[in-house]
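Below is one structure, written out as structure tokens; the observations come after it.
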Amino acid sequence: MNLNQVTVPTINMEASVAFYRHLGLKIIVDAAPRYVRFECPKGDATFSIHQIDELGVGEAPVIYFETQQLDAEVQRLQELGIGFELLPTDQSWGWREARLADPAGNKVVLFWGGSYRKNPPWRVK
């Protein structure tokens, strides 16, 4: 598996976008004020932020791991006794995702994004 992205919450999207742009990240999906996704200047990783109403309420960071063999990987993990909140499901944004939580309750998404991983039709040019 390849670490694809981490998504963190924000209560001030404008300030967060400015901060991460100053760090050198480039916007590739701009669905502000709800969601913004960046690509890192080096490597293949991405990073995103999503708007919430109050810090400490709602989803904490979400970790995304990419695998082309998503269904087989989910089956392997289930055979090891790992439970899933969502089995592999095709999403409206073009990714196939499975969702689970680590032992501490952190959200983990296993997915296959294909060409939509970093280049969806709505990518900012």
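With this note's numbering, the residue at position 50 of the sequence shown is 38, and numbering never jumps.
Positions of the beta carbon are idealized from the N, C-alpha and C atoms, including for glycine.
Quiz item: Between Ile37 and the rest of its own chain, which residues show a CB-CB distance below 6 Å, the 5 nearest in sequence each way excluded?
Solution: For the purposes of this step, residue 37 is identified with residue 49 of the sequence shown, where counting begins at 1. Closer than 6 Å at the Cβ level, and outside the excluded window around Ile37, lie Val(-4), Thr(-2), Ser4, Val24.
Exercise. Measure the C-alpha to C-alpha separation of Leu65 and Gly71 and round it to an integer number of angstroms.
Key: Start at 1 with the first residue of the sequence shown, and residue 65 comes out as number 77. Start at 1 with the first residue of the sequence shown, and residue 71 comes out as number 83. Each residue's alpha carbon lies about 8 Å from the other.
Quiz item: Relative to the alpha-carbon of Phe35, which residue among Ile16, Val45, Glu42, Ala48 has its alpha-carbon at the smallest distance?
Solution: Position 47 of the sequence shown holds residue 35. Nearest option by C-alpha distance: Ile16.
Quiz item: Can you tell me whether DSSP reads Ala3 as helix, strand or coil?
Solution: Numbered from 1 along the sequence shown, position 15 holds the residue referred to as residue 3. In the structure shown, Ala3 sits in a helix (DSSP, three-state: H, G or I).
Self-check item: Within 9 Å, strictly: CB atoms of Trp100 and Gln56
Solution: Translated into the one-based positions of the sequence shown, residue 100 becomes position 112. Translated into the one-based positions of the sequence shown, residue 56 becomes position 68. Cβ distance < 9 Å, so Trp100 and Gln56 count as in contact.
Exercise. Report the residue from Ile40, Pro21, Ala19, Leu11 whose alpha carbon sits nearest the alpha carbon of Lys30.
Key: Taking the first residue of the sequence shown as position 1, residue 30 is located at position 42. Answer by Cα proximity: Leu11.
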